[in-house]
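Chains as they are written, first to last, in our numbering: chain A, 3 to 93; chain B, 358 to 617.
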């Protein structure tokens with residue numbers, strides 16, 4: 003059961019995973035639901051794109067709309083818009 | 358040839374005069390530059406608006422290969438920056454009309470960026486996914502076999518179905534309870550935590566239930582403790598998957614109007 007420790011040690015020694023080895027789905031969790039959302043004098047940001055048609059739309063909205071901070075673990079979580087999500091800060 | 362390019366923003370860090378990683382390329386192979394203002398450094402590249410304008414992006418976002426390449430290029434830049442200094446990653450595909458707009462952003466939101474950078478300094482994000490274990494799945498799948506003899510085939514079917522649903526619900530209840538436990542233990546070591554939505558099986562390529570898709574912001578010197586806790590949790594059953602360390606994507610938040 004030391005696989006994870008070994009892996010952890012290897013990762014720590016190597017630094018981060020090369021970007022090509024990261025699973026796209028894990029990356030999209032973070033790039034579409036995370037990262038600072040900026041608005042203002044933008045040409046555009048992903049928040050503004052009205053993604054119609056697409057199969058990827060389901061993918062993106064499912065990632066964005068349902069990522070919820072800890073404070074909203076209840077049924078209300080499903081009503082939380084993605085942009086409103088804030089991480090839970092612990093003391 | 359005017360107005361046909363935009364400034365793509367990847368990440369913001371403090372301007373400590375750090376050397377730009379040599380030959381760093383961003384989305385669409387564009388060379389990454391630094392814009393400095395207000396003691397902050399914005400990592401950007403110039404992108405053609407015929408590909409990064411609103412209309413082209415509408416189409417591109419439907420192309421999984423394009424999304425894959427763009428997400429990885431964005432991530433690559435964020436990683437390169439985060440390796441050297443506390444970094445606030447920016448949401449995928451944030452494009453300004455010109456450098457001047459990015460400079461104003463740094464000026465106007467300096468305090469917010471400063472707070473966000475302080476929050477993530479010396480910390481890393483770890484991803485932990487928990488799947489329902491094979492045992493639980495087996496229970497759920499095996500349910501309904503060998504039920505008692507019933508009065509009629511219809512009743513027997515209904516009974517089997519009810520038993521199956523009960524077993525499935527029970528398996529789900531157990532799996533989610535364990536996920537809560539894992540999350541509680543890990544968040545007690547983390548300074549902040551976040552639960553992402555369970556990944557779509559079509560994307561994760563896994564059929565089993567993902568009952569936790571957590572992100573944890575952990576002090577770098579508590580990472581060994583986090584790894585040990587994870588090891589103990591893993592020994593308690595269920596499949597636990599670790600990813601990271603990540604740049605603090607899930608914890609990159611700018612306070613609006615000085616919220617605490």
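By construction, the Cβ of each residue, glycine as well, lies at the ideal position given by its N, Cα and C atoms.
Name the residue from the options whose alpha carbon lies nearest to the alpha carbon of residue i.
i	options	result
residue 607 of chain B	B/418, B/570 and B/471	B/570
residue 488 of chain B	B/380, B/408 and B/539	B/539
residue 388 of chain B	B/400, B/395, B/374 and B/394	B/400
residue 434 of chain B	B/367, B/509 and B/553	B/367
residue 477 of chain B	B/514, B/442, B/509 and B/452	B/442
residue 426 of chain B	B/577, B/464, B/386 and B/397	B/386
residue 483 of chain B	B/431, B/419, B/573 and B/547	B/573
residue 597 of chain B	B/549, B/532 and B/547	B/532
residue 594 of chain B	B/535, B/371 and B/455	B/535
Could you tell me the alpha carbon to alpha carbon distance between residue i and residue j, rounded to whole angstroms?
i	j	result
residue 563 of chain B	residue 583 of chain B	26 angstroms
residue 612 of chain B	residue 517 of chain B	53 angstroms
residue 376 of chain B	residue 528 of chain B	53 angstroms
residue 450 of chain B	residue 522 of chain B	44 angstroms
residue 592 of chain B	residue 566 of chain B	19 angstroms
residue 53 of chain A	residue 411 of chain B	In this predicted model, residue 53 of chain A has a pLDDT of only 37, less than 50, meaning its place in the structure is not dependable; the value taken from the coordinates is given anyway. Their Cα atoms are separated by approximately 11 angstroms.
residue 501 of chain B	residue 586 of chain B	With a pLDDT of 44 at residue 501 of chain B, under the threshold of 50, the predicted position of this residue should be treated as unreliable, and no value is reported.
residue 610 of chain B	residue 444 of chain B	12 angstroms
residue 457 of chain B	residue 378 of chain B	23 angstroms
residue 461 of chain B	residue 40 of chain A	12 angstroms
residue 511 of chain B	residue 524 of chain B	20 angstroms
Run through chain B and tell me which residues come within less than 7 angstroms of residue i, C-beta to C-beta.
i	result
residue 23 of chain A	Chain B residues near residue 23 of chain A: none, gap ~10 angstroms exceeds 7 angstroms.
Taking Cβ-Cβ distances shorter than 8 angstroms, what residues in chain A pair up with residue i?
i	result
residue 543 of chain B	Near residue 543 of chain B there are no residues of chain A at all, since even the closest Cβ is about 11 angstroms away, more than 8 angstroms.
residue 538 of chain B	Correct list: empty, because the minimum Cβ distance to chain A is about 14 angstroms.
Could you name the residues of chain A that residue i contacts, counting a contact when the two beta carbons are closer than 9 angstroms?
i	result
residue 468 of chain B	Per Cβ cutoff of 9 angstroms: no residues; residue 468 of chain B is ~14 angstroms from chain A at best.
Just the chain A side, please: which residues come within less than 7 angstroms of residue i by C-beta, in chain order?
i	result
residue 611 of chain B	38
residue 425 of chain B	26
Can you tell me the Cβ-Cβ gap for residue i and residue j, rounded? I've got them flagged as a contact below 8 angstroms.
i	j	result
residue 436 of chain B	residue 580 of chain B	Contact flag wrong, Cβ pair sits at about 17 angstroms.
Taking beta-carbon pairs under 7 angstroms, can you tell me which members of the segment 589-608 of chain B lie near chain A? 591, 592, 599, 600, 602, 603, 606, 607 and 608
Residues of the segment 435-452 of chain B in Cβ contact with chain A at a cutoff of 9 angstroms, in chain order, please. 435, 436, 439, 440, 445, 446, 447, 448, 449, 450, 451 and 452
Listed in chain order, which residues of the segment 554-565 of chain B have Cβ atoms closer than 7 angstroms to some Cβ of chain A? 554, 556, 557, 560 and 561
Could you run through the segment 369-384 of chain B and flag, in chain order, every residue whose CB is less than 9 angstroms away from some CB of chain A? 369
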